[in-house]
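Novice: Sequential numbering of the sequence shown, starting at 428, is according to my numbering.
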Amino acid sequence: MSFLRHIFIINPAAGKKDGRQRVYTMAEALKKNHDLDIECMLTKSRGHAMMLTRAIAETGENVRFYACGGDGTVHEIANGLANTDTPLLLLPLGTGNDFAKKVYGTKKINVENVIKAFGFYSGKIKYDVKPIDLIDYNGEKCINVMSYGLDTKVETIGRQIAGKIPSIGHKAYDIAVVPVLCRSMTCHINIDLDCIDEDGKPYKYIVAPCDYTLFAICNASYYGGGFCPAPNSVLDDGLLDFALCHPVNAFQAMPMIPEYSKGNVDKLQNYFTFGKVVGGRIWSTDGDALLGNCDGENFDYSEVNFKVLPKSLKLCFIKN
């Protein structure tokens, strides 16, 4: 096997400065004390991480990429590495770090604990590489959650708050819920889903038009700073989870929010439809852009065609 190259893709705008500095210091120590081939690359603009990782992966080099940022950075690198043999390891430095919550099995993400668990300080970096699923949507790739409606409003406002007050971290998304609840929470969409029932049999779920409050299609479990529409999601089962919340008002939504955050889906059955899906079509009722986002990044499609891509990204997990 060729000599292994370690590349840290760092988003200089993600999270707090001390977290990024910890990665720089660690990378320098690995290079100086353990004679490893280490390089830090800073992202300069939206889409830069995807272009960097894709270009290097296509050379066939023996490389490990380390995503040093939040969900947006992970999203870009997943798009760069999809359907390649190059693995990705997460060093969560962002505000939400929602995908990392699933990968590391905790809502209390601490990058220092992640660094120690992988053995970075000793120079003996150890991990298990496993292939996971992705979502293809209009040719782009989603690694975590694609969502529509109320949650997209919360994501958008939450990011704005976190950008202005970085110190509050993921609590920005909790704050963002308040102004969203003060307005109408009913949205409109058309959905045509290819679903799988509990016995593994396919069925169609079509509602066109559909009045709804929020709609999440999940590869993983968490989004929006820790809300959990799919607590039992499996990253490599070839299936996606969906959660469709039917129209509710603020009075109905208030007691639902903490249960939705905790992933207590059994307590939400009166207002939600849950299921498993492998693909489908989602389109606007009026031709305008959908109120949707993928991995926390808004998009402007009026129609989305999506499908699961089984085991199409190699991901590094903490070695048991």
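For every residue, glycine included, the Cβ atom is placed at its ideal position computed from N, Cα and C.
Predicted model, so just to flag it, every value in this text is computed and none were measured.
Exposed or buried, which one is tyrosine 451 when buried takes at least 16 other CB atoms within 10 Å?
Specialist: The residue is exposed, with fewer than 16 neighbouring Cβ atoms inside 10 Å.
Novice: Work out the CA separation of serine 549 and aspartate 462 for me, nearest whole Å.
Specialist: Aspartate 462 and serine 549: Cα-Cα distance of roughly 12 Å.
Novice: Please report the straight-line C-alpha distance between alanine 647 and tryptophan 710, rounded to a whole angstrom.
Specialist: If I take the Cα positions, the gap works out to 23 Å.
Novice: Roughly how many angstroms lie between the CA atoms of valine 556 and lysine 568, to the nearest whole one?
Specialist: Going from the Cα of valine 556 to the Cα of lysine 568 covers about 20 Å.
Novice: For glycine 507, tell me which candidate among Gly706, Ala482, Ala657 has the shortest Cα-Cα distance.
Specialist: The shortest Cα separation from glycine 507 among Gly706, Ala482, Ala657 belongs to Ala482.
Novice: Could you give the first and the last residue of the continuous alpha helix (DSSP H) run that contains leucine 479?
Specialist: It spans 475-484 - the alpha helix (DSSP H) in which leucine 479 sits, taken as one unbroken run.
Novice: With a threshold of 16 other CB atoms inside 10 Å of the CB of phenylalanine 430, please say whether the residue is buried or exposed.
Specialist: By the neighbour-count rule (16 or more Cβ atoms within 10 Å), phenylalanine 430 is not buried but exposed.
Novice: I'd like to check one pair, tyrosine 650 with asparagine 571: are the Cβ atoms closer than 8 Å?
Specialist: Yes, Cβ-Cβ distance for asparagine 571 and tyrosine 650 is below 8 Å.
Novice: If I follow the unbroken beta strand (DSSP E) through proline 636, where does it start and stop?
Specialist: Unbroken beta strand (DSSP E) run through proline 636: 629-639.
Novice: Taking the beta strand (DSSP E) that alanine 670 falls in, what are its first and last residues?
Specialist: Residues 667-672.
Novice: If you count every other CB in all the chains shown that lies within 10 Å of the CB of arginine 447, and 16 or more means buried, which is it?
Specialist: So arginine 447 ends up on the buried side.
Novice: Taking only three categories from DSSP, how would you classify isoleucine 436?
Specialist: Isoleucine 436 falls in the strand class under three-state DSSP.
Novice: In this structure, does DSSP put aspartate 727 in helix, strand or coil?
Specialist: Here aspartate 727 sits in coil by DSSP.
Novice: Contact defined as beta carbons within less than 8 Å: I believe aspartate 560 pairs with aspartate 663. What is the distance between those atoms, to the nearest angstrom?
Specialist: Yes, aspartate 560 and aspartate 663 are in contact; Cβ-Cβ is about 6 Å, under 8 Å.
Novice: Can the beta-carbon of threonine 640 be found closer than 8 Å to that of cysteine 614?
Specialist: Going by C-beta atoms, threonine 640 is nearer than 8 Å to cysteine 614.
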